[in-house]
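Written out below as structure tokens is the structure these notes cover.
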Amino acid sequence: MAWTNEDVARQFAEIVTLLKLSGADQFRVRAYERAAGAIGAAPTDLATLDEAGIAALRGIGASTARKVSEYLTTGKIAMLEDLRGAVPAGLVELIRVPGLGPKTARLLYDSLGINSVEALREAIETERLRGLPGLGVKTEANLRDAIARVGAKDTGRVPMADAVAVAEELCRRLRELPVVEDVTYAGSLRRMRETIGDIDILAASTAPAHVHDALRSSELVTDVLAAGDKKTSVIVRRGIQADLRVVAPEAYGAALIYFTGSKDHNVRIRERAVRSGLTLNEYGLFDKETERRLECRTEAEVYEQLGLPFIPPPMREDTGEVQAAVAGNLPAVVHLEDIRGDLHGHSDWSGDGKATLEEMVAAAAGLGYEYWAVTDHAEGLPMNGLSRQQMLQRRTAIEMLQERYDIRILEGAELNIGPEGDVDYDPQFLATLDFCVASIHTLMTRAGAVQTRRIITAMENPAVHAIGHLTGRKIGGRPPYDVDLDAILDAAKRTGTALEVNASPHRLDISSDMVRRAVEAGVTLTISCDGHSVGDLRSMRYGVGTAQRGWATSQDVLNCRPLDGLFDFVAAKRT
DNA sequence: GCCGTTTTCGGCCCGACTGTTTTCAGTCG
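Heads up: the first sequence at position 211 corresponds to 211 in this note's numbering, and the numbers run straight through without jumps.
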């Protein structure tokens, strides 16, 4: 299970923290940092590899492989145990304070014995920090504020869904400035990570001071953290941090790459630039010898100068995309334009739908889709579900609507996966439906093994074409059930059942990591909005982004196929 | 500690901002 890799990665992340606090060589720290990242992103369970296999992973050498092996066999890493003994425990807590790094933490501990945030607060109150080298009145005040922010618990990551609205509002306001030629959000939001640490906004302008002023004086801003000529950092509503960079229009492409990240992806392509005698920064691509700027105004042109194809932002995580691009193997991932329909949506026929069937159909048609499946809740769901009788009434409604719309309305249902993996209605009635999603809506706290068994049983039902929101998670809310993904993927393949990538930004279920494993296993995916309102249908881009992060191509996605291809898939399931 | 179509040793991405400093260290992304 990937759980192994996450567990091992956590051990190495702790080594990184403790090494920093020990004042270790920065390149050695960086090597461990990379190793931790490589372990976390490894596509195969480390427990199934031998030491040589582990060392073959990029960023992991003999020394790290030995430690991984040591951990997997003994449950401990001697080096980590030694580090824990050597580094005072409180220092780890101290460097969680923003602006307080390992050097300062060490200084505080060595000179004043400060070993916790509480001890630091006391030292500030009693003015004991004064007189320490490099720590003045301002630092003292900044630390006091930073501690208050840690206490306010606003330092965590926020769900993408919450950040997008704020980011779009900030962009909209900046776009209104006449001096702004271009503006967009970048960072992890553009890469469509499921949670966001801060909002990064990039603007192109020949009058940067004006743009920075506009942000700093916006009424959305509650606090200004940094105010320079080139960069502004502020706190906006909900305690989210936003960073603004303003560059000249001709630097926009290079700056967009820089500001989109990820950091590791940037390091990777900058290394590649260096090897070609170039240097890449946020102002452009330069010849190292002549310091001449190469002409490239767009991201694609920068990649081209580096001998690489354009790499879609969601793929930029340094999980092998640069190597694949170099080798010419970068998968042509699915794009929003490839989506021909949506296979999971609700109308007000089921209790929780917020729009009429016609409103939903009209909206789907407006998006240019060839088909849209109305998958209202089935009878087993108390309050919301449709009885068989209501389903028949809805069938008549669909037939009448179909006469007035070109988009093909697929008659479907979101079936409930029962305690034993059973689903609603009877087989004869189910056989009359075009497309069915099956999902867990009850008994959500059952153990992973139970959920896995329920889901696999549901997959074996010929009427079930896709499994909806597989792990039941709500980002920032409900945790996922701990399903056995390998067993699920095997069953999906065996039974010809698709796995849904639920595009709701609150769900993104399955996750991009799971998408990547599903793609490697050759399992068919759907990307669906699970829309309960007209507005929900615009969430498709988040599902596509998640699929891109998992390297899925349009070949992997059922709703990229034309209608007859979709019916072929359904027919194959019935036999 | 990792890695190599210039290297198996000697490098390792690049820059902004802040605060405490007469030229830079620490932190962050």
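Think of the CB as a built atom: it goes at the ideal place given N, C-alpha and C, for glycine as much as any other residue.
Report buried or exposed for G134, applying the criterion of at least 16 other Cβ atoms within 10 angstroms of its Cβ.
exposed
For the alpha helix (DSSP H) containing G99, list its first residue and its last residue.
Premise fails: G99 is in no alpha helix (DSSP H) and is neither H nor E.
Separation of R268 from E33, as counted between CA atoms
14 Å
Got a sec? Which residues, its chain only, sit under 7 Å from Y185 by beta carbon, not counting five neighbours each side?
A167, C171, I199, D200 and I201
Within the region 269 to 351, ranges of the beta strand (DSSP E) (whole runs, at least 3 residues)
278 to 281 and 284 to 287
Beta-carbon contacts of L588 that lie in its chain and below 7 Å, excluding the five residues immediately before and after
Residue 588 lies beyond the stretch modelled for the chain, which goes from 1 to 575, so this question has no answer here.
Helix or strand or just coil, what does DSSP make of H532?
coil
Which same chain residues, not among the five before or five after V464, have their C-beta less than 7 Å away from its C-beta?
L415, V423, C436, A438, A458 and T497
Mind checking who W372 pairs with in its DSSP beta bridge?
D342 and I409
Give every residue of the same chain whose Cβ lies closer than 7 Å to the Cβ of E250, excluding the five residues on either side of it in the sequence, and list them in chain order.
R297
Straight-line Cα distance separating D264 from V570:
42 Å
Three-state secondary structure assigned by DSSP to K230:
coil
What residue from V158, A146 and A378 has the CA that sits closest to G353's CA?
A378
Enumerate in chain order the residues of its own chain whose CB-to-CB distance from Y109 is below 8 Å, with the five nearest sequence positions on each side excluded.
P88, G90, L91, L94 and N115
Cβ separation of C560 and I339, assumed to be a contact under 8 Å, to the nearest whole Å
6 Å
Going along the chain, which unbroken runs of the alpha helix (DSSP H) with 4 or more residues stay wholly within the region 445 to 498?
448 to 459 and 485 to 495
Per the contact definition of three or more C-beta pairs closer than 8 Å, is the region 202 to 216 in contact with the region 119 to 132?
no
Are the beta-carbon atoms belonging to E51 and A65 less than 7 Å from one another?
yes
Using three-state DSSP, classify T222 as helix, strand or coil.
strand
Is P159 helix, strand or coil when you go by DSSP?
strand
How many angstroms separate the CA atom of L18 from the CA atom of D376?
52 Å
Counted within 10 angstroms of its Cβ, other Cβ atoms place K67 as buried (16 or more) or exposed:
buried
For the region 175 to 193 against the region 520 to 534, are there 3 or more C-beta pairs whose distance is under 8 Å?
no
Between G385 and the rest of its own chain, which residues show a CB-CB distance below 6 Å, the 5 nearest in sequence each way excluded?
H377, A378 and E379
Mind checking whether I577 and I409 have CB atoms under 7 Å apart?
Look at the range of the chain in this structure, 1 to 575, and you will see that residue 577 is not part of it.
Using C-beta distances below 7 Å, list every residue in its chain close to E460, excluding the 5 sequence neighbours before and after it, in chain order.
T495
Through-space distance from S554 to L100, alpha-carbon basis:
46 Å
What residue range is occupied by the uninterrupted alpha helix (DSSP H) comprising Y258?
Y252 to T260
Meets three-Cβ-pair contact criterion under 8 Å: the region 280 to 287 and the region 310 to 319
no
Quick one, are the C-beta atoms of A226 and S218 less than 7 Å apart?
no
Give the C-beta separation of A161 and P427 to the nearest angstrom, bearing in mind that I take them to be a contact with Cβ-Cβ under 8 Å.
Rounded, the Cβ-Cβ distance is 38 Å, inconsistent with contact.
CB E282 to CB A254, shorter than 7 Å?
yes
Separation of A165 from Y425, as counted between CA atoms
40 Å
How would you label L46, buried or exposed, when you count the other beta carbons within 10 angstroms and need 16 or more for buried?
buried
Check whether the region 321 to 328 touches the region 361 to 369, counting contact only when three or more Cβ pairs, one atom from each stretch, lie closer than 8 Å.
no
Would you kindly check if the distance between the Cβ of L215 and the Cβ of A244 is under 7 Å?
It should be noted that the sequence gives Leu, not Ala, for residue 244. Contact flag set, yes.
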